[in-house]
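Colleague:
Protein chains in written order, with my numbering: chain A, 96 to 384; chain B, -5 to 1261.
#1: Counting beta carbon pairs with one atom in the stretch 1131 to 1145 of chain B and one in the stretch 157 to 176 of chain B, are three or more of them shorter than 8 Å?
#2: Going along chain B in order, which residues have a C-beta closer than 9 Å to the C-beta of residue 278 of chain A?
#3: At which residues does the alpha helix (DSSP H) containing residue 81 of chain A begin and terminate?
#4: For residue 1257 of chain B, which three-state DSSP category applies?
#5: One question on the structure: do residue 374 of chain A and residue 245 of chain A come within less than 8 Å of each other, judged by their Cβ atoms?
#6: Exposed or buried, which one is residue 159 of chain A when buried takes at least 16 other CB atoms within 10 Å?
#7: Can you pull out the residues from the stretch 315 to 335 of chain A whose beta carbon lies closer than 9 Å to at least one beta carbon of chain B?
#8: Shortest alpha-carbon distance to residue 436 of chain B belongs to which of B:1136, B:281, B:420 and B:1226?
#9: Smallest Cα separation from residue 351 of chain A: which of A:370, A:336, A:340 and A:380?
#10: Say whether chain B places a C-beta atom closer than 8 Å to the C-beta of residue 342 of chain A.
#11: Helix, strand or coil: which one does DSSP assign to residue 221 of chain B?
#12: Using a cut-off of 8 Å between C-beta atoms, extract the partners of residue 229 of chain A located in chain B.
#13: Taking the alpha-carbon positions, what's the residue 32 of chain B to residue 67 of chain B distance?
#14: Are the CB atoms of residue 1109 of chain B and residue 1141 of chain B within a distance shorter than 8 Å?
#15: Using a Cβ cut-off of 8 Å (strictly closer), state whether residue 307 of chain A contacts chain B.
#16: Report the rounded CA-to-CA distance for residue 433 of chain B versus residue 411 of chain B, giving the unit in angstroms.
#17: So, are the CB atoms of residue 426 of chain B and residue 650 of chain B less than 8 Å apart?
#18: In the DSSP assignment, what are the bridge partners of residue 141 of chain B?
#19: Could one say the Cβ of residue 311 of chain A lies closer than 8 Å to chain B's Cβ atoms, at least one of them?
#20: Apart from the five residues just before and just after residue 381 of chain B, which ones in its own chain have a Cβ nearer than 7 Å to its Cβ?
#21: Can at least three beta-carbon pairs, one atom from the stretch 556 to 573 of chain B and one from the stretch 520 to 538 of chain B, be found at a separation below 8 Å?
#22: Who are residue 304 of chain B's beta bridge partners in DSSP?
#23: How do the stretch 1196 to 1214 of chain B and the stretch 533 to 553 of chain B stand: do at least 3 beta-carbon pairs fall below 8 Å, yes or no?
#24: Could you tell me which whole beta strand (DSSP E) segments of length 3 or greater appear in the stretch 747 to 788 of chain B?
#25: DSSP has residue 168 of chain B in a bridge; who is on the other side?
#26: Report buried or exposed for residue 156 of chain A, applying the criterion of at least 16 other Cβ atoms within 10 angstroms of its Cβ.
#27: Residue 403 of chain B to residue 1119 of chain B, Cα distance in whole Å?
#28: Using a Cβ-Cβ distance cut-off of 8 Å, determine whether residue 42 of chain B contacts chain A.
#29: At a Cβ cut of 8 Å, what residues of the stretch 338 to 366 of chain A count as close to chain B, listed as they run along the chain?
#30: Could you tell me whether the Cβ of residue 181 of chain A comes closer than 8 Å to any Cβ of chain C?
#31: Would you report the Cα separation of residue 618 of chain B and residue 1186 of chain B, rounded to the nearest angstrom?
#32: Between the stretch 882 to 892 of chain B and the stretch 847 to 855 of chain B, can you find at least three pairs of beta-carbon atoms closer than 8 Å?
#33: Going by alpha carbons, who is nearest to residue 1188 of chain B out of B:484, B:610, B:1 and B:195?
#34: State the start and end residues of the unbroken beta strand (DSSP E) segment that holds residue 885 of chain B.
#35: Please confirm if the stretch 803 to 811 of chain B is in contact with the stretch 1072 to 1079 of chain B, defined as three or more CB-CB distances below 8 Å between the two stretches.
#36: Can you list, in chain order, the residues of its chain with a C-beta nearer than 8 Å to that of residue 312 of chain A? Leave out the 5 residues immediately preceding and following it.
What follows is the structure in structure tokens.
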């Protein structure tokens, strides 16, 4: 596991916010979480191909004997929901410490989800693809998830809609949290729609820096961090700033239209602040709803 | 000229160039601010819409340059221009027409490469053009070949030194030289003056190496023998008077000096001999002593009664050894006794040794002239060896015996340290003329390397050589690699990659390649198979062995074949088994060593007959003996001689075999079967009848003979012409000696005795001269002196006859008798003392004016009669009678009366009264102390008292025999005839000359039992077998003679000498006291054989191995060029090279076919032509010798291999292949640098971030991997 992640502050934040969430009513995940233990009243739903992270107790050995492939039995659980933590790992996230904050927030969310005995799906999106890691409860799963996260290096282009569309359908449905700067030329609407079609209710955490919402000085050489394209900053900074503002509002409007919450987080803020902002906003919205 | 690339696949690396272009096209722009909302920019300002541009063009150029350089060098450019390959045998001057680069290869043994043309040392002897071309071709395969043989106009052709008294005489032969100077071992220069191309110098020179210098000529090295007398131990020698006499003679001649044993160089020893393996080698640091071994006691199994035969071409001594112990194993034989070695000599690490298998007293050799000659030869050889110098033929390796490391300093080179393997070391690269110094501690030795053959083979046809080039060793230029590294470094800095481990790694690899471009990957070397293709190699077995060898080595082993015999004939991936000629291992082994490079090994496929093993070299050599050489033995005709004697040819051949086998021997139509044993030479002699032929075929056949080429020889018949016998006798008695001479194979000319007083060239030019039944009074004046001179200069004189020779011929006491080993007086010393009284008639009728013989003739007659007496025993008195009897000389010991002082009556007058004279004579003789009394009455028989009674009883009573000598024209025999008959005397009537002889004979016969003896059976003496041989037939009669004390009696009859001989000067006198002896032709031939030997001082041709040596008197004029004539009339010149005073050597070309006819060697010396028909020598590989396993073992030991047990036994070879070289590592380092540079460029371009898979595994893959 690379040094530096998860750092002590992140781990401490995980514990603290998990406790805080339990005291405050838990994660805003559909199908209220149970207080420990396995959920009762499981209804058999079908089979799914075994992937690392699946509970080995659900392996269907009879099916293995017949097909020689590992499959797990899936159950429809009305009591427990699944939390998907989807991380934007495009090249633009590498700027300004955005990805580091997003990764630490993802760690805290995963920890809280696992502690609340939710199924957790951890995903990394870039270049129109999604790498996903399904997780079940237990400390070992968390450690596994952290190691997986530690190896992620931001790069590539942002195309969340393609990433989530191309993602496999997951057996469990639940809530999703997208950690991204949302500088996606295709906008967030495609991504949210894709998740909804897959049965996910997604909330957005937009992690940006303040500089990103201001137009650069005229004449400054600019380059696209996600491509080799370059340009010179236009002299009409007002128009560009307006475009940035319009884009910000556009994305917020599209999310709200689909029932998603957009939490604005400054990349330069600390992890506790960011988590506090996220949970307070989401819980407020959920309670309001 | 650009030649290509060693590894063209490296050009695949050029694919990096478009990759770089793509990277620079795709790279992030640098120096610009990342703008996350780039997509929100107006499309008008986004460059991407207007097309992309190359990022960092300067950096791109640097990277492209680095890639190009790295790829170029990794591909291994073989940019070797063809240039010029100069193969030379000495220093050369570069010529403008030689295209650069010029590679200079010295055609030495072994060939070598030189940097500067003027540093090339002269190659003495035959240059190895083939080996040099092979080496040069590998270095410069496309170069134009230029051969530069040396043909100096000035050169020293030969020379040598020998001892002359206390000085040393040096003889030199040169051409194109005006002045020579000799630098002796002390560094003193001695000028020499040339005359007709030859120079001589006689001076006191220090022993050791000397060098002769001349302007524009190569130096010539020679060894100067030690002229000081050889210190010979003064005690401890076996008791033999002849031995002491020979040493005395050597001492008186200044050749030896008797010293105490502890200071002696020559000393009697019974210590152990050096190891047999050392005998054939030079021991340069051996102690300066010669151990002379005599047997302490003759062993019980001693052999005996064998004739002694010399091991070389010197004349047979004609001596027998009665008992001897065969020397086995033998070093260098000097004498054979029958088939066994009876004496030898050699050297080892402890010094030299001379061995005799017999005591001198057990042989009659010391009684012959060969004994002092042999001792002198041994002493002379040791005087030469004592100088610590050895002459060596250039280009040949030399194996020496040494107990520890030593140094070798060539004439112009640096000192080489030599460490022997075991106790032997092989010195190679001895191909530069001059003195090589060897040093081991305090001991020093000198090697005088002289040019080899004067006739060198020309350079080979270079165009016919397809020599494989050396493995590609591309010129990984440090300059270009450094340029690539600098370009990489520039790219690193210009690209802002100061912290890039990839970039620094690339630079490090490039610099590593530049640091040592030759560092290899350790590929194993290849195997070079040196195949002996000489004439002796069995073809089928060789093919089988090579096929098995190739199969055992396997397809993965690189195999190159070098084929050749005495030169390299072919090089390539398959062997060239074209049958060849002679064997020399050095050319193919040295070529194979060169092909083996630094990591290969050499397999030497041979039949073990090369004479020049071992050959030094850097790579291991594994000899492989073809099976046939071991499985099949070889039986051969070692040597053969044939001598014609009339229509009879006597053939003697020596046979040898390397195994025990039964063999059939055929000599012309004669055949026999005998058993041959390894290491022993068997001699087979035969007499055949052959007319009108000049050669005799000799053949030996054995079952399953490996080498039939040496089984059959055509032997030239000697004595076909040239040997002549001059018979001096009365024409009536010439038939006998003529028959003897013709039976012995001589051309016979008969002369009357008077011819001895002439200068008849056919008489005095004959090799043998027989004086047969010639009375002494028939000899003209000066004849005896001429005969004496004839013998002393080497002729053979046969003194023979019966009725008119020896005593009956009046030889007794005459000068002629002094030449004879048999005296004419048969009486032994101290027995049969004779009292002789000459009664000389002094009457008037004896006066010359009265028709008598006169006082002068009487005096001569008296002196002649007195000369036959023994000085110490006999008495002589003179009585003159006429009218009265008068005692002129009372009986006096003969030795006290000078012949010229014998009183005789000066005048004749008056009558003659016989009776008083007889009475007076009776009285005088009665008073004389003698065992026999003879009264010689010299008269004409005309007595006044002839009718009166004679005092017969008085004479009888006194024991007096009367010898009546009647001289004159009108003699009256009575009454003396009756008196002579009555007293047992004789009556002699005739002219003075006849009377003198007859009277002298009468005196001797009257003294003791008579001069003549009847038939008898001769008894052979000890030397009969060696000198004559065969049975001794009976004689019909003889004249009684007596041997002189120093004569060697070959046969006796009834205890009295019949045949004897002795040495007089350089010649020999044989005396035979009969004319009625039916000796077989072989006997006559053997008896007269010494006449065929050329006397010392006269030019003669000797055979010495493959050489023919012309031996002349030291001060004889030098020879002109010789001629070698084949029977068909073809002639070729034969160069004789001076190798010392009176010695000139020429090497005979070997016969490359069986049944090669004899050739004739002719050379003109001093106006005369010396010729000899000889069998051409066998090629070395046809020599009847078993495979030289010791030599092969030495070869393996010297080069670091071992003898292979068979073609399958290749594991040692494969194990010996070194891995310290092989394919260079540099190209791989360069390709590595290229790869790292590419990765760095990719990282610079951000490709790692954009394609994480290139730099890091994807998160999902990592997760799956960990699960």
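Just so it is clear, CB atoms sit at the ideal spot from N, CA and C, and this is done for glycine as well. Here the structure is a predicted model, which means the values were calculated and not measured.
Modeller: According to the structure shown:
#1: yes
#2: The residue labelled residue 278 of chain A in the question sits at position 183 within the first chain. Those are 30, 31, 32, 33 and 34, listed as they occur along chain B.
#3: This structure cannot speak to residue 81 of chain A, because chain A is shown only from 96 to 384.
#4: In the second chain, counting from the first residue as 1, residue 1257 of chain B sits at position 1263. No answer about residue 1257 of chain B holds up, because its pLDDT of 33 lies below 50 and its placement is not dependable.
#5: As a working mapping, residue 374 of chain A is identified with position 279 in the first chain. As a working mapping, residue 245 of chain A is identified with position 150 in the first chain. Contact flag unset, no.
#6: Here residue 159 of chain A refers to the residue found at position 64 when the first chain is read from its first residue. Exposed: under 16 other Cβ atoms inside 10 Å.
#7: 315, 316, 317, 318, 319, 320, 321, 322, 323, 324, 325, 326, 327, 328, 329, 331, 334 and 335
#8: If you number the second chain from 1, residue 436 of chain B lands on position 442. Checking every option, the nearest Cα to that of residue 436 of chain B belongs to B:281.
#9: The residue given as residue 351 of chain A occupies position 256 in the first chain. If we check each option's Cα against that of residue 351 of chain A, A:380 comes out closest.
#10: Position 247 of the first chain, counted from the first residue, corresponds to residue 342 of chain A. Closer than 8 Å: yes.
#11: Residue mapping note: residue 221 of chain B aligns to position 227 of the second chain, counting from 1. The answer is coil: DSSP assigns residue 221 of chain B none of H, G, I, E or B.
#12: Taking the first chain and counting its residues from 1, the one referred to as residue 229 of chain A is at position 134. Chain B residues near residue 229 of chain A: none, gap ~10 Å exceeds 8 Å.
#13: Position 38 of the second chain, counting from 1, holds the residue named residue 32 of chain B. Position 73 of the second chain, counting from 1, holds the residue named residue 67 of chain B. Their Cα atoms are separated by approximately 45 Å.
#14: In the second chain, the residue the question calls residue 1141 of chain B occupies position 1147. In the second chain, the residue the question calls residue 1109 of chain B occupies position 1115. Not closer than 8 Å, so no.
#15: The residue you call residue 307 of chain A lines up with position 212 of the first chain. Closer than 8 Å to some Cβ of chain B, the Cβ of residue 307 of chain A qualifies, so yes.
#16: Reading the second chain from its first residue, position 439 is the one you call residue 433 of chain B. Reading the second chain from its first residue, position 417 is the one you call residue 411 of chain B. Answer to the nearest angstrom: the Cα atoms are 10 Å apart.
#17: Position 432 of the second chain, counted from the start, is the residue given in the question as residue 426 of chain B. Position 656 of the second chain, counted from the start, is the residue given in the question as residue 650 of chain B. No, the Cβ-Cβ distance between residue 426 of chain B and residue 650 of chain B is not below 8 Å.
#18: Residue mapping note: residue 141 of chain B aligns to position 147 of the second chain, counting from 1. DSSP, once it has assigned bridges, lists B:81 as partnering residue 141 of chain B.
#19: Counted from its first residue, the first chain places residue 311 of chain A at position 216. True, the Cβ-Cβ gap to chain B drops below 8 Å.
#20: Taking the second chain and counting its residues from 1, one reaches residue 381 of chain B at position 387. Counting only Cβ-Cβ distances below 7 Å, and skipping sequence neighbours, we find 201, 202, 217, 218, 219 and 220.
#21: yes
#22: Translated into the one-based positions of the second chain, residue 304 of chain B becomes position 310. In the DSSP output, where bridge partners are listed per residue, residue 304 of chain B has B:329.
#23: yes
#24: 762 to 766
#25: In the second chain, counting from the first residue as 1, residue 168 of chain B sits at position 174. Its beta-bridge partners are B:150.
#26: Taking the first residue of the first chain as position 1, residue 156 of chain A is located at position 61. Classification for residue 156 of chain A: exposed.
#27: Position 409 of the second chain, counting from 1, holds the residue named residue 403 of chain B. Position 1125 of the second chain, counting from 1, holds the residue named residue 1119 of chain B. Rounded to the nearest angstrom, the two C-alpha atoms are 43 Å apart.
#28: On the second chain, residue 42 of chain B is found 48 positions in, with the first residue counted as 1. Here the model assigns residue 42 of chain B a pLDDT of 47, short of 50, so the residue's position is not dependable and the matter cannot be decided.
#29: 338, 339 and 342
#30: You won't find chain C in this structure, because its protein chains are A and B.
#31: Indexing the second chain from 1 puts residue 618 of chain B at position 624. Indexing the second chain from 1 puts residue 1186 of chain B at position 1192. Taking the straight line joining both Cα atoms gives about 9 Å.
#32: no
#33: Position 1194 of the second chain, counting from 1, holds the residue named residue 1188 of chain B. With distances taken between Cα atoms, residue 1188 of chain B lies closest to B:610.
#34: Translated into positions along the second chain, residue 885 of chain B becomes position 891. Counting along the chain, the beta strand (DSSP E) containing residue 885 of chain B begins and ends at 879 to 887.
#35: no
#36: Along the first chain, read from residue 1 onward, the residue named residue 312 of chain A stands at position 217. These residues qualify, in order along the chain: 328 and 332.
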